[in-house]
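K.L.:
Residue numbers (this note's numbering), protein chains in the order written: chain C, 1 to 619; chain R, 1001 to 1365.
#1: Taking DSSP as the reference, what is the three-state secondary structure of residue 619 of chain C?
#2: Drop a sphere of 10 angstroms on the beta-carbon of residue 1143 of chain R, count the other beta-carbons inside from all chains shown, and report buried for 16 or more, exposed for fewer.
#3: Would you be able to state if there are at least three C-beta pairs under 8 Å between the region 318 to 335 of chain C and the region 350 to 364 of chain C?
#4: Hey, is residue 32 of chain C's beta-carbon within less than 8 Å of any beta-carbon in chain R?
#5: Answer with yes or no whether the minimum CB distance from residue 281 of chain C to chain R is below 8 Å.
#6: Which parts of the region 396 to 422 of chain C are runs of the alpha helix (DSSP H), unbroken and 4 residues or longer, counting only runs that do not cross its ends?
#7: Please determine whether the Cβ atom of residue 514 of chain C lies at a distance below 7 Å from any heavy atom of the ligand FMN.
#8: Expressed to the nearest angstrom, what Euclidean distance is found between the alpha-carbon atoms of residue 386 of chain C and residue 518 of chain C?
#9: Measuring straight from C-alpha to C-alpha, what distance separates residue 1 of chain C and residue 1197 of chain R?
#10: Pull out every residue of the region 1157 to 1185 of chain R whose Cβ sits closer than 8 Å to any Cβ of chain C, in chain order.
#11: Can you list, in chain order, the residues of its chain with a C-beta nearer than 7 Å to that of residue 216 of chain C? Leave out the 5 residues immediately preceding and following it.
#12: Measuring straight from C-alpha to C-alpha, what distance separates residue 92 of chain C and residue 1058 of chain R?
#13: Please report the residue range of the alpha helix (DSSP H) in which residue 1360 of chain R lies.
#14: Run through chain R and tell me which residues come within less than 7 Å of residue 20 of chain C, C-beta to C-beta.
#15: Pull up the CB-CB distance for residue 426 of chain C and residue 453 of chain C, whole angstroms please, since I reckon it's below 8 Å.
#16: When you compare the CB of residue 1288 of chain R with every CB in chain C, is at least one pair closer than 8 Å?
#17: When you compare the CB of residue 1144 of chain R with every CB in chain C, is at least one pair closer than 8 Å?
#18: Should residue 25 of chain C be flagged as near chain R, meaning a C-beta pair shorter than 8 Å?
#19: Is there contact here, the region 529 to 539 of chain C with the region 564 to 581 of chain C, by at least three beta-carbon pairs under 8 Å?
#20: DSSP state of residue 1215 of chain R, grouped into three classes?
#21: State yes or no: is the C-beta of residue 1327 of chain R within less than 8 Å of the C-beta of residue 1312 of chain R?
#22: Please state whether DSSP places residue 1 of chain C in a helix, a strand or coil.
#23: Helix, strand or coil for residue 274 of chain C per DSSP?
#24: Go ahead and pull the three-state DSSP assignment for residue 1038 of chain R.
#25: Along the chain, where does the alpha helix (DSSP H) containing residue 28 of chain C start, and where does it finish?
#26: On the criterion of 16 or more Cβ atoms from any shown chain inside 10 Å, does residue 97 of chain C qualify as buried, or is it exposed?
#27: By Cβ distance, which residues of its chain are closer than 8 Å to residue 1223 of chain R, with the 5 residues on each side in sequence left out?
#28: Residue 1208 of chain R and residue 1237 of chain R - do their beta-carbons sit closer together than 8 Å?
#29: What residues in its chain sit with their C-beta under 6 Å from that of residue 1070 of chain R, if we drop five residues either side in the sequence?
#30: The region 1087 to 1098 of chain R: which residues have C-beta closer than 8 Å to a C-beta of chain C, in chain order?
#31: I want to see whether chain C comes within less than 8 Å of residue 1231 of chain R, judged by CB atoms only; does it?
#32: Out of C:339, C:116, C:521, C:311, which has the shortest C-alpha to C-alpha gap to residue 389 of chain C?
#33: Is residue 511 of chain C helix, strand or coil when you go by DSSP?
#34: Mind reading off the beta-carbon distance from residue 89 of chain C to residue 42 of chain C? Whole number of angstroms is fine, and I expect it under 8 Å.
#35: Let me make sure I understand the geometry here. Which of C:155, C:140, C:275 has the alpha-carbon closest to that of residue 149 of chain C?
#36: Using 10 angstroms around the beta-carbon of residue 1092 of chain R, count the other beta-carbons present and answer buried if the total reaches 16, otherwise exposed.
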């Protein structure tokens, strides 16, 4: 505390120092790169999932419908965009860290001066979608800065997948290794354990984009939440509200839901299908868990032709309403195409029977091994029942009609023989024609038969498809799995002729290089390079190029009444009724999706329609 | 002489925040003082019961405007302890560095208030300027200047940006370079000595009895620091000293604050040297489904004002069942202050209060 009279003069040195303050606004202070200012939202990437609105602690974000935008449920796009009330926003950035597509970011702008408080409620966009209000540096003036006068390329706090609030990666699904699974029909996917299922269920953000994408509109986020909360019975009840065959669908569904999942944009979609399977598998006795009873008998009788997913669902929904349902099917068990189509390593028979037996327990009568049109006539059914549902599906395999094609096997015949007859005797070198899911199923099933029939010998299965990799209709993951099993692919080749040896046995397939698969209108019309050919060796050829429905059971005078759409589908009204009175239809003969869950969706419409049809007749 | 009742604050130059004291005076001697908190009551503890675990983060820091970071830290620690979440090693170092930066920023703010009150306007300006440099660091690290919302269950929200280590070092060097100026104009100034020496004196026994903590307790010669007693973050990985003084008056408290800032700077340099590479965030469960198992816990940290604690109960839901904070300003501002004001002169009310580092928002949660 010693003083000196010189001490005060020390202050003089500060005279030559520059001031620490800034002459705002002529010397603006540049915010940091991570600055949390006003929002930016890329409208092209934003899915309208509403997670930002859900997490906002101040309820500053509301989702606003934008009529100009198109809603694309199948792609997981809603026409809603977040609107932010800057009177409430606290700039915490939780919305940025939860945003699954990463479209919502914060900018470094923080000025807004206006007389009208309503301008503080704002629909954020970014420079890509709003060129009018996001200006390049030369047109920007800090004196005019506001929510509608912003600098372009001025991004601040941005999403980072490593620090996101959601888990982008799936709980891995245990599978049997390729080397092991090709030796038998062992189920490839082992299924989640309880812990794995809970972990996977915990990833769901409950934005419900999946529910809009699902043709049958299952209450997906509810049943996933019930799994997470360890209430599988509750989960199964939720599933059964819209889908009575979870054990089947949990294995083979085409999962439109997962394609729409908002997590799939920057990570992996929630494994919705496997979670459904987990619920179906973990509950041994549906009857006990669901506590459902068939409805009070109404005295109405309904015939269902075809015990596929659609037919089973109609039977289930109608028997809950008290109608007496009889299901006819030519196969010895339920499931329809599910019984013969999907290979056993994907859908074991026990899984099908579990669902079928439950529907049977509700009082539905099943008449298996009875082909309509042969064992029982369609006219008789029309006379005996109050309503008929056609869920016959596509049961005829199409053929390429090339030279010597009669030596080949049709895909459905091959699959059907394997499931209900004895295993088909296969060759050592099999060629499968086709690039769709059925072709890959056939190839993988054939490969297993080869390994079972020729143990420890060299066997080859190859596919030939018109389509190249980019337009191949088969699912990517199935192609990957098939590749892992060493199935060879020949893409972009069209079959020209089946080559026979002198004894009349198959020697191979002559192929031509494909020029284009579709014409300029996008219609299927393949063209070939005539001079570019290839010979594929093989001793067995299976054709899997598509299926068509078989209406031969409908007598001619009725068939005349049946109307079709332009795309050769049975025409039905909004109740699912065809142009023949009291005949309803759904599934592959009606829709273009050609899958089980769409058949269930059709069945829901038709069963409502049939029920209304009965009640309207009463009046 | 006649007894008078005098209302001191909430609108008063000597007040920081919305807080008032009712004084019973005789002449300019105070016979009795009663603290009147409540002007800033926002019901945080109740609000937090209605928000999910994650949604509470943007709110918990608002309890203390001056040093929001320790608030984030205790809430995070409580959540991590109840939910059993591990924190990566690097995140612990970042947390410690971040909390020490916050301590310096908060002490500078306190220095601003105190020197301003005593009429040292120049020092006050310097302190505010240097606090702003610390806020610049926070802005670069977290995106926010005042409310950072950076410490997060499972780690921290983002890693250091490029070149941030050097920036911390250069900023702290430039602040540290001004310590001789501070010393010459303030700490070693005769006026400060005259004004603060012997003011608001509290003995060690009294301080302990009244529940004082932080520099109030350390200024009475007690070596007590939760960073040493119950180390959290990376404080057990680094060696640091606890500055103490013996006298227990305002002068000692401010000197403890000064020494603590210097100790913090040294500690940050040591932490930066030892900081490992690696992850800084273990992902927490989906915020919409996150439920924390049943349980209750009390965690405490050494904030820039003293012991800051949180008592949290979870009944297994997605929201806390009850959150209660033990804030140092509560003890210092209500109990210690009332005790110290007895017998003091009116002119010293602000002096004593600010030397206790009372921050009103901490009292009203």
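Backbone N, C-alpha and C define an ideal beta-carbon position, used for all residues, glycine too.
P.N.:
Short version:
#1: Its pLDDT being 47, under 50, residue 619 of chain C is placed unreliably in this model, and the value from its coordinates should be taken loosely. The DSSP-derived three-state label of residue 619 of chain C is coil.
#2: buried
#3: yes
#4: yes
#5: no
#6: The region 396 to 422 of chain C contains these whole alpha helix (DSSP H) runs: 411 to 420.
#7: Ligands in the displayed structure: none, and consequently the ligand FMN is not present.
#8: 45 Å
#9: Residue placement at residue 1 of chain C is flagged as unreliable, the pLDDT there being 48, under the threshold of 50; a coordinate-derived value is accordingly withheld.
#10: Correct list: 1157, 1158, 1161, 1184.
#11: Around residue 216 of chain C: 242, 243, 597, 600, 601, 604.
#12: Going from the Cα of residue 92 of chain C to the Cα of residue 1058 of chain R covers about 6 Å.
#13: Counting along the chain, the alpha helix (DSSP H) containing residue 1360 of chain R begins and ends at 1360 to 1363.
#14: Result: 1129.
#15: 6 Å
#16: Interface with chain C (8 Å Cβ-Cβ cutoff): residue 1288 of chain R is included.
#17: So yes, residue 1144 of chain R belongs to the interface.
#18: no
#19: no
#20: helix
#21: At a Cβ-Cβ threshold of 8 Å, residue 1327 of chain R and residue 1312 of chain R do not count as neighbours.
#22: Note that residue 1 of chain C scores a pLDDT of 48, beneath 50, so its modelled location is shaky; the value from the coordinates is reported in the next line. Looking at residue 1 of chain C - three-state DSSP - the assignment turns out to be coil, as it is neither helix nor strand.
#23: In the structure shown, residue 274 of chain C falls within a helical segment according to DSSP collapsed to helix, strand and coil.
#24: coil
#25: Taken as a continuous stretch (DSSP letters only), residue 28 of chain C belongs to no alpha helix (DSSP H), as it is neither H nor E.
#26: buried
#27: Sequence-distant Cβ neighbours of residue 1223 of chain R in its own chain, meaning closer than 8 Å and more than five residues away, are 1242, 1244.
#28: Not closer than 8 Å, so no.
#29: 1301, 1303, 1308
#30: none
#31: no
#32: C:311
#33: strand
#34: Not a contact, Cβ separation roughly 19 Å.
#35: C:140
#36: buried
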